[in-house]
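To start, the structure itself, in structure tokens.
Below you can see the structure in the form of structure tokens.
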């Protein structure tokens, strides 16, 4: 008959092996079901791509952009003004203005508050820089509290700024902040509504959301597929 201590000594290796197996299985399950670590951008903040390939095969360095260029609210507002303030934009329907005095307050895409109002002469006008003073339907100043007796103050020099307005054949009201005399003040939307304008295809092993941002592909963006 074997001594109890001998039996215990012979069983220890088996117990240790079983314990190691349990620990290994638990560790494997934790690794499989772990939450994936957030994907960190491989592009330094405030930079585009470190390198660009030149025609001669050499590699050069792109100039850096200011930090936060792509996320800055101030830059966004500047870009909106630079683009939308130089072209006509559709902002309303003429059918919204049936009687004299009918008006609509709108926020222009360039960030300017505007007011559209139908005059007694049935002309639709658009004005900017309106505030607490009193104006007629032509934008002319009628009353300016506390300024009536101010030295040098003239009502005829403080009317609202009129924005160029035009109504197209479809009854869409267009406004143009640029005030360019030679620019057509109507945005011709008909040329955008006649079928497909263009099509393009990109083949590659990357996320479909990246493919949809074709203008950003040149920024050396990297993304996991799937």
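Residue numbers (our numbering): -18 to 207. Where a beta carbon is used, it is the ideal one built from N, C-alpha and C, also for glycine.
Item	Value
If we count Cβ pairs, one from each stretch, closer than 8 Å, do we get three or more for the segment 48 to 57 versus the segment 74 to 90?	no
What did DSSP end up calling residue 64 once you bin it into helix, strand or coil?	helix
Could you tell me which residues DSSP pairs with residue 97 in its beta bridges?	85 and 107
Who are the Cβ neighbours of residue 21 in its own chain at under 7 Å, not counting the five residues just before and after it?	Low confidence applies here, because residue 21 scores a pLDDT of 48, under 50, leaving its location unreliable; read the following figure in that light. So the list is empty, once near-sequence residues are dropped.
Mapping the DSSP letters down to three states, classify residue 124 as helix, strand or coil.	strand
Taking residue 82 as the reference, give the member of 153, 102 and 136 with the closest Cα.	102
Taking residue 142 as part of the beta strand (DSSP E), name the residues at either end of that continuous run.	142 to 148
Rounding to the nearest angstrom, what Cα-Cα distance links residue 203 and residue 87 in this structure?	Model confidence at residue 203 stands at a pLDDT of 45, short of 50, so the residue's coordinates are unreliable; what they give is reported in the following sentence. So the alpha carbons of these two residues sit roughly 40 Å apart.
So what does DSSP say about residue 157, is it helix, strand or coil?	strand
Round the Cβ separation of residue 107 and residue 118 to the nearest angstrom and send it over; I've been treating them as touching at under 8 Å.	Actually they do not touch by this definition, with Cβ atoms about 12 Å apart.
Are residue 144 and residue 109 touching if we call contact CB-CB under 8 Å?	yes
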